[in-house]
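Worksheet for the structure shown next.
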Ligand SMILES: [Mg+2]
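In the working numbering, the protein residues as written are 108 to 493.
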């Protein structure tokens, strides 16, 4: 069996993705995208955007994956078709690990060991695993180590800056049987502590609370904030300081009893090694839409060696990235919890006829082959970015 086709589909979907952690009056318009003007946070899409990848073999087997691309998905698609396709065409899909390594090696000497290039590789890797699953009639987790976790617990994300509104939203999610809620918040420490206090009062002590401050603090402010959060039983402080600052993350992690969770921007074991050796995280957050399944599993296993739990980031990833996150979570001995976006669950699966569905705050790991997602190709094509 040989891979004979690799195609990329950059897609965009309305309704608009509300900017979950920024006030509207602080956003500047950049056409299809927006960015906060009062901090150094990311460029966000007004609509959902990503890049799907389809792989086919000479025997007619098909697999789908997702190169998570919240912005500039056409750039990712171009890399999939110009570079990744070139490397994997003609190979047996069972050589999936070799193909990840060969693709990575093709560009590492040029400094493309992360970013768009590895995102592109990720979708191809997922699609090959999905194809193998359909070929063998097995779910991906059975081929990457087996089922360590039958239930994949999730947390629901919320954002805003008004303590009362945040508390009301959190209470609604608790009523829907979510057992953990993560807040995307930024601002002065006092304002953030008020929000956490209000949410904790609204949902009681039985629901886990996490807080993502999106890299907006310096080390000292992050430690002060974390100590205050500990009084409210906050589970983790996420991305406390700058994304490049592994040493700063380590200082915060060492000072606090609570977990420091981070790493959605790290794509390979080579990057993770440095963060784990420094003690920069108490909980690792690889995004399988960016790492792929092969490297996502290597990261998970490396985390196990360092005795660090894994909570995959998902963010605005579509259903194929979610499904890849579920498969790696199922096969991870140190899985903690998976990210989930409650409000857009159906939107993110709009091109799928079958897909994993959330029940009472968790995904049940199923025996559906591959990633467990049936893709409607016509629907995908109708969403293509012109
Ligand atoms: Mg985050």
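For each residue, glycine too, the CB sits at the ideal point set by N, CA and C. Since the model is a prediction, treat every value here as computed from it, not as a measurement.
Exercise. Start and end of the beta strand (DSSP E) containing residue 113?
Worked result: As a first step, residue 113 must be located in the chain shown, where it is residue number 6. First-last of the beta strand (DSSP E) with residue 113: 110-120.
For this session: Return the chain-ordered list of same chain residues with a C-beta closer than 6 Å to the C-beta of residue 180, the five sequence neighbours on each side being excluded.
Result: Taking the chain shown and counting its residues from 1, the one referred to as residue 180 is at position 73. Cβ neighbours of residue 180 beyond the five flanking positions: 117, 156, 157 and 158.
Exercise. Should residue 319 be listed as close to ligand 1, given that the test is whether its C-beta is under 6 Å from any heavy atom?
Worked result: Within the chain shown, numbered from 1, the residue matching residue 319 stands at position 212. Yes; taking the cut-off as 6 Å, the Cβ of residue 319 has a heavy atom of ligand 1 nearer than that.
Exercise. Taking 6 Å as the cut-off, does the CB of residue 430 come closer than this to any heavy atom belonging to ligand 1?
Worked result: Here the question's residue 430 lines up with position 323 in the chain shown. Answer for residue 430: no, Cβ out of range of ligand 1.
For this session: Consult DSSP for residue 176 and reduce its assignment to one of helix, strand or coil.
Result: By 1-based counting over the chain shown, the position of residue 176 is 69. Coil, per DSSP.
Problem set entry | Segment limits, beta strand (DSSP E) that includes residue 221 | Taking the chain shown and counting its residues from 1, one reaches residue 221 at position 114. For residue 221, no beta strand (DSSP E) run applies, since DSSP gives it neither H nor E.
Exercise. If you follow the beta strand (DSSP E) that residue 155 is part of, which residue opens it and which one closes it?
Worked result: Mapped onto the chain shown, residue 155 falls at position 48. Taken as a continuous stretch (DSSP letters only), the beta strand (DSSP E) holding residue 155 covers 155-164.
Problem set entry | Any non-hydrogen atom of ligand 1 closer than 6 Å to residue 351 Cβ | Your numbering for residue 351 matches position 244 in the chain shown. With a cut-off of 6 Å, the C-beta of residue 351 is classified as distant from ligand 1, since no heavy atom of the ligand falls inside that distance.
For this session: Could you pull the start and end residues of the alpha helix (DSSP H) that residue 310 belongs to?
Result: Along the chain shown, read from residue 1 onward, the residue named residue 310 stands at position 203. Residue 310 -> alpha helix (DSSP H) spans 296-310.
For this session: Check whether the Cβ atoms of residue 450 and residue 480 sit closer than 7 Å, and answer yes or no.
Result: Here residue 450 is taken as the residue at index 343 of the chain shown, counted from 1. Here residue 480 is taken as the residue at index 373 of the chain shown, counted from 1. Cβ atoms of residue 450 and residue 480: not closer than 7 Å.
Problem set entry | Contact the region 352-364 vs the region 391-411: 3+ CB pairs below 8 Å | In this structure the region 352-364 does not lie against the region 391-411, because fewer than three pairs of beta carbons, one per stretch, are closer than 8 Å.
Exercise. From this set, 200, 191, 109 and 209, which residue's C-alpha is nearest residue 237's C-alpha?
Worked result: Along the chain shown, read from residue 1 onward, the residue named residue 237 stands at position 130. Cα-wise, what sits closest to residue 237 is 200.
For this session: Give me the Cα-Cα distance between residue 355 and residue 386, rounded to the nearest whole angstrom.
Result: In the chain shown, residue 355 corresponds to position 248, counting from 1. In the chain shown, residue 386 corresponds to position 279, counting from 1. C-alpha separation (whole angstroms): 10 Å.
Exercise. Leaving out five residues before and five after residue 141 in sequence, what residues of the same chain have Cβ atoms less than 7 Å from its Cβ?
Worked result: Start at 1 with the first residue of the chain shown, and residue 141 comes out as number 34. Closer than 7 Å at Cβ, skipping near neighbours: 126, 134, 135, 151 and 153.
Problem set entry | CB contact flag (residue 207, residue 226, <7 Å) | As a position in the chain shown, residue 207 is number 100, starting the count at 1. As a position in the chain shown, residue 226 is number 119, starting the count at 1. Going by C-beta atoms, residue 207 is not nearer than 7 Å to residue 226.
Exercise. Within 6 Å: the Cβ of residue 494 and any heavy atom of ligand 1?
Worked result: Because the chain is modelled from 108 through 493, residue 494 falls outside the range shown and cannot be assessed.
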